[in-house]
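In my numbering, the protein residues as written are 10 to 302.
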């Protein structure tokens with residue numbers, strides 16, 4: 010039975026990943042801070058650690074190995090370097106959850122070559138030393154430089170689902186339902202998204218196949234913020250009150266100045282079949298609207 014370690018894994022798409030791993034018959038260990046509990050009970054081994062603490066990682070890996078490791082909670086080059094120091098020679102493969110934020114918001118549709126972690130200047134530091142996107146860029150660069158095991162960096166756009174604890178899509182639905190304003194910058198900007206179920210399915214695929222390197226993982230297609238808000242209006246039966254800019258209270262989590270989306274051609278060519286964004290997004294908006302209408 011293949012062994013898998015998931016760093017994180019008790020919430021949202023991480024939880025869905027563990028559910029898929031268990032269904033496939035893997036022997037799963039989850040390592041978390043213990044703050045979200047263990048929704049899997051005795052089906053998994055649950056180790057409580059601080060992901061940023063090298064001693065905790067060393068204790069976790071004492072006299073053991075894993076076939077696959079999923080790291081959903083690495084945000085800095087220092088964390089990535091410690092991971093390599095501890096895990097080199099002890100695992101078969103790493104699947105690292107990266108992000109669309111590795112790419113600049115400049116209106117151009119992004120492909121993997123638009124950010125090359127193999128030729129990126131490494132600047133060591135902790136999470137607090139970088140923006141979210143730069144921390145992930147630096148982590149990718151460190152993994153691809155220092156890892157002695159195969160690495161897949163999965164670049165997700167914003168992940169959506171009814172159980173999204175960040176509630177970014179919920180924010181829009183709730184404010185429209187309550188007839189409160191939402192601040193945007195560019196309503197014609199297009200965005201990529203992926204459903205949490207599909208994100209988990211992609212992570213499983215990335216671990217099971219022989220792929221390596223950076224991969225964009227997004228539902229096929231993009232949507233303008235104007236069209237997205239029209240879906241919210243339809244679901245709530247209310248007219249959205251759109252403001253340009255606005256303060257932090259009303260500003261949309263999607264308030265981007267230009268289109269920010271990416272292609273999934275590389276993963277598609279490698280054999281993964283993505284959903285069409287418009288096949289599920291409207292239904293998801295309607296499901297979330299039921300909570301507020």
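Even for Gly, the Cβ is constructed at its ideal location relative to N, Cα and C. Since this is a predicted model, take the numbers as computed values, not measurements.
Alpha helix (DSSP H) containing residue 149: first to last residue?
141 to 155
Answer yes or no: do residue 225 and residue 146 have a C-beta to C-beta separation smaller than 8 Å?
no
Where the beta strand (DSSP E) containing residue 54 begins and where it ends:
54 to 57
Compare the C-alpha of residue 186 against each of 19, 25 and 302 and name the closest.
302
For residue 20, the three-state DSSP class (helix, strand or coil)
coil
Reduced DSSP category for residue 1 - H, G, I as helix; E, B as strand; rest coil:
Residue 1 lies beyond the range of the chain shown here (10 to 302); nothing can be said about it.
For residue 253, three-class secondary structure by DSSP
strand
Quick one, which of 179, 126, 134 and 143 has its alpha-carbon nearest residue 153's?
126
From 107, 133, 120 and 18, pick the residue whose C-alpha is nearest to that of residue 277; which is it?
120
For residue 110 and residue 70, I'd like the C-alpha separation in whole angstroms.
31 Å
Cα-Cα separation, residue 247 to residue 295:
13 Å
Assuming residue 26 and residue 34 are in contact, meaning their beta carbons sit under 8 Å apart, how far apart are those beta carbons, in whole angstroms?
15 Å between Cβ atoms; not a contact.
Three Cβ pairs or more, each shorter than 8 Å: is that satisfied between the region 281 to 295 and the region 214 to 232?
yes
Measuring CA to CA, which of 15, 20, 13 and 11 is closest to residue 206?
20
If I follow the unbroken alpha helix (DSSP H) through residue 281, where does it start and stop?
Run containing residue 281: none; DSSP gives neither H nor E here.
With C-beta atoms as the reference, is residue 36 less than 8 Å away from residue 63?
no
Would you report the Cα separation of residue 209 and residue 78, rounded to the nearest angstrom?
14 Å
Spatial neighbours of residue 267 within its chain, please: C-beta separation below 8 Å, excluding the five flanking residues on both sides.
114, 115, 116, 195 and 198
The region 211 to 224 in contact with the region 170 to 188 per 3-pair CB rule at 8 Å:
no
Sequence-distant residues of the same chain with beta carbon closer than 8 Å to residue 253, five excluded per side
192, 193 and 194
Starting from residue 124, trace the alpha helix (DSSP H) both ways and give me its first and last residue.
First-last for residue 124: undefined, no H or E at that position.
DSSP three-state call for residue 201: helix, strand or coil?
coil
On the CB-based measure, 16 or more other CB atoms within 10 Å of its CB, does residue 40 come out buried or exposed?
buried
Given this structure, state the Cα-to-Cα distance separating residue 106 from residue 260, to the nearest angstrom.
26 Å
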